[in-house]
Amino acid sequence: MFVDHVDVYIKAGDGGNGMVAFRREKYEPNGGPAGGDGGFGGHVIFKVDEGLRTLMDFRYKKHFKAPKGEGGGPKNQHGKNAKNLIVDVPPGTVVTSQETGDVIADLTEHGDEAIIARGGRGGRGNTRFATASNPAPHHAENGEPGDERNIRIELKLLADVGLIGFPSVGKSTLLSVVSAAKPKVAAYHFTTINPNLGVVASGDGESFVVADLPGLIEGAHEGAGLGDQFLRHIERTRVLIHVIDMSGMEGRDPFEDFQKINDELRQYEYRLTERPQVIAANKMDMPDAEDHLELFKEQLEDEIPIYPISALSKDGLEPLLQEVAQLLQTTPEFPLHFDHAEEPYTYAIDDEQPFKITRDDDGTYVVSGPRVERLFKMTDFNRDESVGRFSRSLRRMGVDDALRERGIQDGDLVRILDFEFEFVH
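With this note's numbering applied, the sequence shown covers 39 to 463.
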């Protein structure tokens with residue numbers, strides 16, 4: 039089965055917790071703080087493996103979690119950093135955020151790597167918090183939470199040339215006779231339900247990769263038929279071979295087919311109409327094909343090269359392949375353009391507003407925001423000193439003043455994530 043898109047949940051490792059410890063050596067009963075820092079959590083890293091061709095492995099495993107960092111130890115021992123989780127993906131993989139649609143990574147070459155979720159740093163041990171006024175702190179941080187996100191993984195084939203056209207116009211047959219590919223060929227629509235790749239060698243020694251993609255129908259850019267799957271894979275191609283059935287055996291008009299396919303390309307994104315096209319006028323061995331071709335040339339206003347061929351009898355293929363090879367030499371790559379690509383692995387913190395306050399239906403004040411929530415998760419609420427430090431941090435961030443501006447009164451409930459407490463002036 040060819041799997042080319044899948045939704046996945048990933049979670050980077052949390053940092054290890056810092057430790058509260060003190061030196062208890064002989065003759066040094068008050069030796070001072072000695073709690074070590076926690077280790078870093080593991081990243082989730084996607085790495086390209088050229089041996090993979092589909093996303094089949096993700097069909098059965100859709101949750102990936104990197105290990106957590108080790109906690110700090112006594113005698114200022116630093117916790118062990120966790121190993122990164124390496125996930126192999128095929129060339130041509132694009133990773134996007136499900137929430138925003140922003141692109142996180144575009145992986146094309148063998149060995150390419152991208153950190154998709156960054157592990158949290160280790161929490162600091164109590165040694166880090168010793169000061170002249172507090173030489174023996176009973177406070178340490180919990181590890182920073184690792185990134186977690188829901189992502190969409192899409193595979194967009196790495197082909198130089200794409201075969202486009204309506205179903206049953208002969209695309210699969212053409213690929214099978216110009217390359218060693220063996221796509222399924224049958225006399226019914228949508229025989230090709232999965233993309234097929236073939237390496238083609240032209241007469242002048244040039245070689246290139248051709249993708250035979252599922253046939254288009256009207257409305258494909260909106261997902262009708264198999265067109266949305268087809269269009270995903272055409273984004274990386276540099277030249278399009280537009281295969282048209284000139285026999286008219288199914289009662290379709292060749293020029294009307296040509297216009298409909300190009301209209302679908304125009305309505306899809308990623309500048310597909312900027313790619314040069316070559317028209318392969320197929321099935322020229324059939325009756326009336328010559329007449330249809332002459333009429334087609336009269337109706338065609340664009341200067342697009344037309345090559346009469348018969349994929350079945352292999353007539354006229356060499357001039358077509360030579361033209362495509364020449365176009366590939368002069369046509370640059372069309373990189374995937376993303377208008378709103380996010381800066382990966384950064385927290386979306388607005389320095390002007392590091393938190394926001396809302397109110398639930400039950401009257402509870404809800405404080406949220408990446409900075410506040412991260413501070414909450416890194417606080418050990420089992421230690422009074424840590425709770426006091428958490429409270430002072432909120433005050434310095436301006437949370438108390440903001441709550442007063444919203445009209446909070448003594449005894450009103452405030453919630454941060456799943457933690458509720460009473461507000462006291």
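Every residue, glycine too, gets a C-beta built ideally from N, C-alpha and C.
Asked, Found
"Own chain partners of Asn-420 with C-beta closer than 6 Å, once the 5 adjacent residues on each side are dropped", "none"
"Length of the line joining the Cα atoms of Ile-153 and Val-44", "18 Å"
"Beta-carbon proximity list for Asp-323, same chain, < 6 Å, skipping 5 on both sides", "Ser-348, Ser-351"
"DSSP beta-bridge partners of Arg-397", "Tyr-403"
"Euclidean distance between Cα positions of Arg-162 and Pro-183", "14 Å"
"Boundaries (first-last residue) of the beta strand (DSSP E) holding His-280", "277–283"
"Met-94 beta carbon less than 8 Å from that of Ala-178", "no"
"Top-ranked residue by Cα proximity to Ala-135, from Asp-144, Ile-124, Glu-288", "The amino acid at residue 135 is misidentified as Ala; the sequence shows Ser. Checked all of Asp-144, Ile-124, Glu-288; the closest Cα to Ser-135 is Asp-144."
"Beta-carbon spacing of Asp-87, Asp-126 below 8 Å", "yes"
"Sequence-distant residues of the same chain with beta carbon closer than 8 Å to Asp-198, five excluded per side", "Phe-246, Val-247, Val-248, Thr-275, Arg-276, Val-277, Leu-366"
"Candidates Gly-130, Gly-160, Ser-429, of which the one nearest Ile-454 by Cα", "Ser-429"
"Nearest residue (CA-CA) to Gly-449, options Val-410, Asp-340, Val-462, Ala-440", "Val-462"
"Asn-300, DSSP secondary structure in three states", "helix"
"Contacts around Ile-342, its chain only, beta-carbon distance under 6 Å, and the 5 residues preceding and following it disregarded", "Gln-315, Ile-317"
"Euclidean distance between Cα positions of Val-215 and Gly-208", "11 Å"
"Residues bridged to Arg-187 (per DSSP)", "Ile-48"
"Residue of Phe-102, Tyr-345, Asn-55, Glu-63 minimising C-alpha distance to Asn-180", "Asn-55"
"Residue of Leu-251, Phe-393, Arg-97 minimising C-alpha distance to Arg-434", "Phe-393"
"Runs of alpha helix (DSSP H) lying entirely within the segment 120–191, each at least 4 residues, in chain order", "none"
"8 Å Cβ cutoff met for Val-46 and Phe-84", "no"
"Buried versus exposed call for Asp-35 [16 or more other C-beta atoms within 10 Å across all chains shown]", "There is no way to answer for residue 35, as the model of the chain reaches only from 39 to 463."
"Start-to-end residues for the alpha helix (DSSP H) that takes in Leu-432", "422–435"
"Length of the line joining the Cα atoms of Lys-103 and Lys-121", "11 Å"
"Cβ contact check for the segment 328–335 and the segment 354–362: 3 or more pairs under 8 Å", "no"
"Continuous beta strand (DSSP E) stretch holding Arg-453: start and end", "451–454"
"Neighbourhood of Gly-130 by C-beta, 8 Å cutoff - its chain only, sequence neighbours within 5 removed", "Leu-145, Thr-146, Leu-193, Lys-194, Leu-195, Leu-196, Arg-274"
"Euclidean distance between Cα positions of Tyr-345 and His-148", "36 Å"
"Rounded C-alpha distance that separates Arg-159 from Gly-79", "6 Å"
"Top-ranked residue by Cα proximity to Glu-294, from Thr-138, Ile-272, Leu-333", "Leu-333"
"N- and C-terminal bounds of the alpha helix (DSSP H) containing His-330", "327–337"
"Burial state of Lys-49, where buried means 16 or more other Cβ atoms lie within 10 Å", "buried"
"Same chain, Cβ closer than 7 Å to Ser-431, neighbours up to 5 away in sequence not counted", "Leu-413"
"Backbone CA spacing between Phe-459 and Gly-117 [nearest angstrom]", "32 Å"
"Contact check, Gly-110 vs Asp-150, beta carbons under 8 Å", "no"
"For Tyr-345, three-class secondary structure by DSSP", "strand"
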